[in-house]
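One structure is given here, and the rest of the page talks about it.
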Amino acid sequence: MHHNATNLSDAETDDLAPGHSLLYGQYIIEHHMIDGGFGMTYLAKDSLERKVVIKECFPSSVCRRINGEVRPRKPAYQEQYQNVIRNFLREALRMAKFDHPNIVKVHQVFQENNTAYIAMDYIDGMDLLSMLDIDPGRLTDARVEQLLRDTLTALAHVHELGMLHRDISPDNILLDANDKLTLIDFGAAREEAARQTRALSTVMSVKDGYSPHEFYYTDGKQRPSSDIYSVGATFYHLITGFAPPDCQKRVAALTAENPDPYKPLVAGNWSFDKSFLSAIDKALSLAQKDRFQTVGEWLEVLDNPGSHVVVSPIAMAFDAQDADKIATKMDAEANKSAQNVAQASNPEAELTPDLIAKISSLVEDTNSKVEPGLPGDVKKAMVKEEIVEEEPHPLVDIFGQPIDDIDKWLKEQDKMSKRTSNKRETPDNKPGSEEASQKKSEPGLLRVLHRLTGLRQRSAAMAQN
1 MHHNATNLSD AETDDLAPGH SLLYGQYIIE HHMIDGGFGM TYLAKDSLER
51 KVVIKECFPS SVCRRINGEV RPRKPAYQEQ YQNVIRNFLR EALRMAKFDH
101 PNIVKVHQVF QENNTAYIAM DYIDGMDLLS MLDIDPGRLT DARVEQLLRD
151 TLTALAHVHE LGMLHRDISP DNILLDANDK LTLIDFGAAR EEAARQTRAL
201 STVMSVKDGY SPHEFYYTDG KQRPSSDIYS VGATFYHLIT GFAPPDCQKR
251 VAALTAENPD PYKPLVAGNW SFDKSFLSAI DKALSLAQKD RFQTVGEWLE
301 VLDNPGSHVV VSPIAMAFDA QDADKIATKM DAEANKSAQN VAQASNPEAE
351 LTPDLIAKIS SLVEDTNSKV EPGLPGDVKK AMVKEEIVEE EPHPLVDIFG
401 QPIDDIDKWL KEQDKMSKRT SNKRETPDNK PGSEEASQKK SEPGLLRVLH
451 RLTGLRQRSA AMAQN
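So for the sequence shown, full-length UniProt numbering puts the first residue at 1; every next one is plus one.
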């Protein structure tokens, strides 16, 4: 029989050393496996030489190991530490009632070294977080879909017993060599931790990217939809390769009236069915009321993907963001066009009589190619290689009135232009070459019209020759 002869000083590590015995030698520590903010996990052997996993209640933010025993870091933490241990034991005893093929089985719950322990099955497998790095090829689309179904089925069993997992993430889901999924590392005692100060609760009972926002607050109401959020975050990670933005950043963005940094899966180019992706997006809704309220609702969508339309508030918001971006671009283009129009219609850039004639000719020429039909229905002019002589079209003024005597009309317009020009002339602005001045003052749109009219006139001259 082994004895607890291992004494750790303050300078040594907090984890139990290999060979350390627990429960009068019934369990012998082989090595430390992993630790988190709430507990330490060890690989051990029982008295029958079977491998088991030992979970030690060790909230590292409030305690440390001194001479083998776990003690609060400060006297002020004593009451809180004892409450955490009591809650750990209470939840561990409830976990022992689980009887599901996809949930790790608990063998024994006991107290020692001024803390509490859980002895449970050793699962010879790989957690999904490690699998993403080491063997991502195993996570095919079909397997991911089956893993989600197995996870939800196991979680439904937990919720039926009135419990929450509170710590679902890729590193707490194991897959063995036969692709059997096992849900491990329940967030025991996190309920008590959530009742403490917000800062301590955040350290001890949340996991950024996977925990819903209600886990961050002492008064946050934790429901089955809280676990559902974590499942959604876990499978978002399996599909994309990274965890979704943590909910605190999402809440902060929406509070500041900025877009949600979460990118919905349904908007991406993934090979999964759209209803499968939409369901994950729905599970990751910030508001609890927008998520699936029970695991059964989600499983029903998986069982009948074609008969359920999953409306994801996130995807709807994302579509609205895209619409806002498009509208912004359209507004920018409209403002740009308005500026161009304003420049072209600037009263200081006066239209000359010659240019008015050219504009009216272009307008009449364009209108001649419009046929009755739906609004905006325009007959496209066919471009032919041979130049066909056409009867010249009568000119009209800008009001659409025909001009019978072009010379007389031009003289009248010329007189009007000179009278306006004389009124605007000042001692500091003496007239020079009238034609050059007009060309110089013409905005870009008018110069383009000049060029178009010139080209049209040259084409007509060539046709006559």
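C-beta: ideal position from N, C-alpha, C; glycine also.
Predicted, not measured: the structure shown is a model, and the values here were computed from it.
In this structure, does DSSP put residue i in helix, strand or coil?
i, result
"residue 166", "coil"
"residue 226", "helix"
"residue 110", "strand"
"residue 72", "strand"
"residue 291", "coil"
"residue 13", "coil"
"residue 209", "coil"
"residue 140", "coil"
"residue 437", "With a pLDDT of 49 at residue 437, under the threshold of 50, the modelled position of this residue cannot be trusted, and the question is left open."
"residue 296", "helix"
"residue 466", "Because the chain in this structure spans residues 1 to 465, residue 466 falls outside the shown range and cannot be described."
"residue 121", "strand"
"residue 177", "coil"
"residue 133", "helix"
"residue 89", "helix"
"residue 203", "Reliability of the predicted coordinates at residue 203 is poor, the pLDDT of 43 falling under 50, and no value is obtained from them."
"residue 302", "helix"
"residue 161", "coil"
"residue 171", "helix"
"residue 414", "helix"
"residue 233", "helix"
"residue 116", "strand"
"residue 127", "strand"
"residue 365", "Its pLDDT being 48, under 50, residue 365 is placed unreliably in this model, and the value from its coordinates should be taken loosely. Helix, per DSSP."
So, for residue i: in the same chain, excluding its five sequence neighbours on each side, which residues have a beta-carbon less than 6 Å away from its beta-carbon?
i, result
"residue 122", "51, 52 and 53"
"residue 213", "247 and 251"
"residue 297", "none"
"residue 19", "none"
"residue 148", "235"
"residue 34", "41"
"residue 55", "39, 41 and 118"
"residue 288", "225"
Using a Cβ-Cβ cutoff of less than 7 Å, which residues in the same chain neighbour residue i once the five nearest sequence positions on both sides are dropped?
i, result
"residue 151", "173, 181, 183 and 231"
"residue 206", "215 and 216"
"residue 273", "305"
"residue 271", "141"
"residue 46", "26, 27 and 52"
"residue 253", "259, 260 and 261"
Look at the Cβ atom of residue i, then the Cβ atom of residue j, and state whether they are nearer than 8 Å.
i, j, result
"residue 93", "residue 109", "yes"
"residue 266", "residue 159", "no"
"residue 169", "residue 234", "yes"
"residue 473", "residue 120", "Limits of the chain in this structure are 1 at one end and 465 at the other, which puts residue 473 out of reach."
"residue 226", "residue 164", "yes"
"residue 48", "residue 29", "no"
"residue 229", "residue 279", "no"
"residue 293", "residue 224", "yes"
"residue 42", "residue 31", "yes"
"residue 128", "residue 238", "yes"
"residue 281", "residue 264", "yes"
"residue 114", "residue 153", "no"
"residue 132", "residue 268", "no"
By Cβ distance below 8 Å, which residues in the same chain neighbour residue i in space, the five residues on each side in sequence not counted?
i, result
"residue 249", "261"
"residue 134", "126"
"residue 81", "59, 62, 63 and 72"
"residue 44", "22, 27, 28, 29, 30, 51, 52, 53, 54 and 119"
Please determine, among the options, the residue with the shortest C-alpha to C-alpha distance to residue i.
i, options, result
"residue 90", "253, 57 and 61", "57"
"residue 27", "288, 103, 81 and 112", "112"
"residue 95", "155, 283 and 412", "155"
"residue 175", "118, 211, 138 and 167", "138"
"residue 544", "268, 171 and 245", "As displayed, the chain neither begins before 1 nor continues past 465, which places residue 544 out of reach and without an answer."
"residue 186", "288, 77, 268 and 105", "105"
"residue 97", "136, 157 and 76", "157"
"residue 36", "167, 44, 408 and 130", "167"
"residue 277", "44, 301, 257 and 77", "301"
"residue 171", "77, 209 and 78", "209"
"residue 124", "79, 76 and 177", "177"
message = At 4 residues or longer, what runs of the alpha helix (DSSP H) sit wholly inside the stretch 240-286?
response = 247-255 and 274-283
message = Restricting to runs no shorter than 3 residues, where is the beta strand (DSSP E) found entirely within the stretch 15-85?
response = 27-35, 39-46, 51-57, 63-66 and 69-72
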